[in-house]
Every structure is written in structure tokens, then in C-alpha cells.
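*Asks:*
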Amino acid sequence: MLRTEKLRNYVQIGAALLQNSYFFKGLKFCPTPSLNCYACPLAVTACPMGSLQNLILKGYLPLAMTGFFVSLGAAVGRASCGWACPFGYIQELLGRLGKKKLRISNEYGWLRYVVLAITALALPFVLKSPIFCKLCPAGTLEAGIPLAALDEEIREIIGPLFWLKVSLLMAVIWASVKIKRPFCRFICPLGAVYSPFNRISALRMTVHEKCVKCDACREVCPVDMSIYEGPNSGVCIRCMKCTGCSAVGVSFLGKDIIKAGRDGKIGRAAYEEQR
Amino acid sequence: MRRFPIIVAIMAFILGTALIVAGGLGGEFRAIYLNATILCLSCIGVQ
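Here the protein sequences line up with chains U and D, keeping their order. If you're matching positions, the first sequence starts at 16 in our numbering and goes up one per residue. If you're matching positions, the second sequence starts at 17 in our numbering and goes up one per residue.
1. How about L112/U and V192/U: are their beta carbons less than 7 Å apart?
2. CB-CB under 6 Å to C226/U, same chain, minus the five flanking residues each way: which ones, in chain order?
3. Any beta carbon from chain U within less than 7 Å of I36/D's own beta carbon?
4. Nearest by alpha-carbon distance to G82/U: which of I22/D, G39/D, I23/D, I26/D is it?
5. Which residues bound the alpha helix (DSSP H) around T81/U?
6. Three or more beta-carbon pairs under 8 Å between the stretch 268-279 of chain U and the stretch 118-133 of chain U, yes or no?
7. Taking C-alpha atoms, which residue in P204/U, K114/U, K73/U, P145/U lies nearest to S49/U?
8. Check whether the Cβ of G264/U lies closer than 7 Å to any Cβ atom in chain D.
9. Using only CA atoms, which one of L184/U, L268/U, V250/U, C257/U lies nearest to Y128/U?
10. Applying the criterion that 16 or more other CB atoms from any shown protein chain within 10 Å of the CB defines a buried residue, is P56/U buried or exposed?
11. Taking C-alpha atoms, which residue in E234/U, Y104/U, W98/U lies nearest to K114/U?
12. In this structure, how does DSSP classify M64/U when only helix, strand and coil are distinguished?
13. Given L126/U, which residues of its chain have a CB within under 7 Å of its CB, disregarding the five upstream and five downstream residues?
14. What's the gap between the Cα of K323/U and the Cα of K143/U?
15. Let me check one thing: in DSSP terms, what residues is T221/U bridge-paired to?
16. Going by beta-carbon coordinates alone, are G97/U and I215/U separated by less than 7 Å?
17. Going along the stretch 47-70 of chain U in order, which residues come within less than 7 Å of chain D, judged by CB to CB distance?
18. Could you confirm whether any beta carbon from chain D is found closer than 7 Å to the beta carbon of P101/U?
19. Interface residues of chain D around T81/U at Cβ under 7 Å?
20. Mind listing which residues of the stretch 138-160 of chain U have their C-beta closer than 7 Å to chain D's C-betas, in chain order?
21. Tell me whether the stretch 78-94 of chain U and the stretch 160-167 of chain U touch, counting them as touching only if at least three CB pairs, one residue from each stretch, are closer than 8 Å.
22. I'd like the span of the beta strand (DSSP E) that includes K270/U, first residue to last.
23. Mind listing the chain D neighbours of L78/U? Cutoff is C-beta to C-beta under 7 Å, in chain order.
24. Might you give, ordered along the chain, the residues of its own chain that have their beta carbon closer than 6 Å to the beta carbon of D230/U, omitting 5 neighbours on each side?
25. I need the straight-line Cα distance from A190/U to K40/U, nearest angstrom please.
26. P152/U bridges to which residues according to DSSP?
27. Relative to the ligand HEM, is the shortest distance from any of its heavy atoms to the C-beta of V24/D smaller than 6 Å?
28. Give the interface partners of F177/U over in chain D, defined as CB-CB distance under 7 Å, in chain order.
29. For I54/D and chain U, any beta-carbon pair shorter than 7 Å?
30. Can you tell me the Cα-Cα spacing of I173/U and I273/U, whole angstroms?
31. Do three or more CB pairs link the stretch 62-81 of chain U to the stretch 144-157 of chain U at distances below 8 Å?
32. For P101/U, name the three-state secondary structure that DSSP assigns.
33. Return the bridge partner residues of P46/U from the DSSP annotation.
34. Can you pull out the residues from the stretch 31-48 of chain U whose beta carbon lies closer than 8 Å to at least one beta carbon of chain D?
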């Protein structure tokens, strides 16, 4: 396994544990960088999407939440999707179960913006209800099911919407086995918020001209993209898995962290050597 | 990397930080805390 990939695995596990560590619940004023339901019995921080919707429905102009998204996006783009999202990590683990993947073009990524505009912005404002939370499969997995399992009173008030949520979760779980990170690529409104910042963020992917466009990077990529097509497009979650090829690098504020075009193998041979 | 995107990234980061401070002064973090500590039950499709 790649060194960066090993590190990312540890960071993903650490982030999931830190956000759901049960203690330090005084941190709930602080939004997490990723989708993590604050109704989870173990959650210690606030979900940014849930917070955004609740601020909107309560009539706040969400300045701090917007600032949080802008700062984080400007610093690392979508890296929090690739490194800190527990639901993204679960999808990646599920993806390991199915070897043959259905390939769906990332062109349908615009669906995330529709989900963001309708369920997380417009409907909460009009209906005064957090509509995305009511459908969110991450919330069902992290909070809905555990709460229903732990509390008899909660079980008694469960209605048809809960079973719709469970069905959506099941659909995402099934899709995650068949398709690479489907929720992140086509549904997640938080990914839609961070995506445009990839183009300007301080953390950037770089591709050296020695890249032979063999598409081996697409095979290892958790969001099924060829890095040479758009190293700083909104699709990339900055997981850095493609840096196994020496033609691909990463920079922060113009300084190379992993140099593109360094000595070493390129393409399929590079990824196979590190497997 | 060209200098332009670095400046844009830094300016965006500063703007974001200013918005966080402005929102915080307006009581937004208190609202987030209160919202995150009540049992909202949206996760089970109620309310």
C-alpha cells in the first residue's frame, strides 16, 4: 500500500473517532469539516449541513458557516472529503467488497448542486424544516438507527419517513459496492459546497508533462477520475492516491509537498510496484 | 504555480475568517451549539 494511502487510512479512522468520541460534548458549537450527524449518540461536534439548514430556517444569515466553508475550501479544497469524512470512508470500505465496478461519468456531479440548492437551502427556508437531514443516509446510519436501537420511546414515534430513510441508506450501501463513492460524487451537498474551491485552494494537485495518460490513476481513484484531465477540478477529493505515479504531485501555497515529475516509475507500473 | 491563485486562496481564507468572526459576534455559534445539543429527531424522520 502507498505511504500516503496508509496515512490517509489512519487519518480517516482518527477523524471518525475524534468526531464521535462521546466525551468533550462542549465542542458542539464547532462544525466538523465533513458530514457527521450531531444527533449521533457519540458525536461531539456539529454537522455543517445540519447547522447550515437550522440557521437558515431560524432566520439567521449564516455568516460563520459560510466563512467556515470559504476558509476550509480556500485552504484545502475538497481534502476534508477524502481525509476526514466518516461516511466517505464507509463508502470506500464497502467499495472493497465489489471488485467489478459500474462506471458512471462524473459529468452527473451537477446533481450535488441540485441537492444542495433544493434540500439544504431553498426548502429549509420555505418549509422551516431541515429537509436534507430528513433524508440524509449518513444521519440514518450514525444517528437514526443507533437512537432507535437504544431508546424504546424513540422506537414508538418512528413513522414511514424513517423507513424511507432506511431504504435510502440501503440504496447507498448497495450502490457503494457497485459504484465508487456514489454519494460523494452525485448527492453530497457538502461536496458541492467545497468543489468550486478546488480551483483556487492553496492545496493543489499537479501533473508533470511526463504523464503518458495511461488512465491507471483512474483505476486507483476513489472518485473514478483521471487526474490529468483536471487536477484541480471539483471532482477530485484530494485523497492523493494518484501520487503513487511519479508524474503526479501535490503542492501547498506553491511549495511542493510531493513533487510531480520526480524520479520513479509512472503509470500502471508505479501503482503495481507499491501494491 | 502562478502567484495569482495563491493570492486568491489567501484572500478567500482571510474573507472566510472575517465571516466566521462576524457570525460569531452575531451569536451564530451559540445557535449552532443549541441546535446540536437538542434531540432534533430529524435523523429518524420525525419533527
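Don't be surprised by glycine CBs; every beta carbon is placed ideally from N, CA and C.
*Replies:* On the basis of the coordinates in this document:
1. Contact flag set, yes.
2. Y243, A262, listed in sequence order.
3. It does; some Cβ of chain U falls within 7 Å.
4. Proximity to G82/U across I22/D, G39/D, I23/D, I26/D peaks at G39/D, based on C-alpha coordinates.
5. Per DSSP, T81/U belongs to the alpha helix (DSSP H) from 78-91.
6. Proximity of the stretch 268-279 of chain U to the stretch 118-133 of chain U falls short of the contact definition, fewer than three beta-carbon pairs being nearer than 8 Å.
7. Of P204/U, K114/U, K73/U, P145/U, the smallest CA-CA separation from S49/U is found for P204/U.
8. So, not an interface residue.
9. Ranking the options by Cα distance to Y128/U, first place goes to V250/U.
10. By the neighbour-count rule (16 or more Cβ atoms within 10 Å), P56/U is not buried but exposed.
11. Out of E234/U, Y104/U, W98/U, E234/U has the C-alpha closest to the C-alpha of K114/U.
12. In the structure shown, M64/U sits in a helix (DSSP, three-state: H, G or I).
13. Taking L126/U as the centre and dropping the five residues before and after it, the same chain places the C-beta of F201, I202 closer than 7 Å to its C-beta, in chain order.
14. Given that chain U is displayed from residue 16 to residue 290, the structure contains no residue 323/U and the question cannot be resolved.
15. T221/U pairs with G264/U.
16. Contact check for G97/U against I215/U fails: the beta carbons are separated by 7 Å or more.
17. Flagged, chain order: C52, Y53, A54, A61, S66, N69, L70.
18. For P101/U, the closest Cβ of chain D is not nearer than 7 Å.
19. Ordered by position in chain D, the residues that pass the 7 Å Cβ test against T81/U are L35.
20. Correct list: P145, C148, K149, G154, T155, A158, G159.
21. No, because fewer than three Cβ pairs between the stretch 78-94 of chain U and the stretch 160-167 of chain U fall closer than 8 Å, the two stretches do not touch.
22. Here the beta strand (DSSP E) through K270/U covers 270-273.
23. Listed along chain D are L35, A38, G39, G42, E44, each with a C-beta nearer than 7 Å to that of L78/U.
24. Once the five neighbours on either side are set aside, the close Cβ partners of D230/U are S241.
25. Their Cα atoms are separated by approximately 33 Å.
26. The partner list for P152/U (beta bridge, DSSP) is empty, contrary to what the question assumes.
27. For the ligand HEM, the structure offers nothing, since it holds no ligand at all.
28. Ordered by position in chain D, the residues that pass the 7 Å Cβ test against F177/U are I60, G61.
29. For I54/D, no Cβ of chain U is located within less than 7 Å of the residue's own Cβ.
30. Taking the straight line joining both Cα atoms gives about 50 Å.
31. Enough Cβ pairs lie closer than 8 Å, so yes.
32. In this structure, DSSP gives P101/U a helical state, which the three-state scheme calls helix.
33. Looking at the DSSP assignment, P46/U forms a beta bridge with A61/U.
34. Within the stretch 31-48 of chain U, contact with chain D at the beta-carbon level (separation under 8 Å) is assigned to K40, K43, F44, C45, P46.
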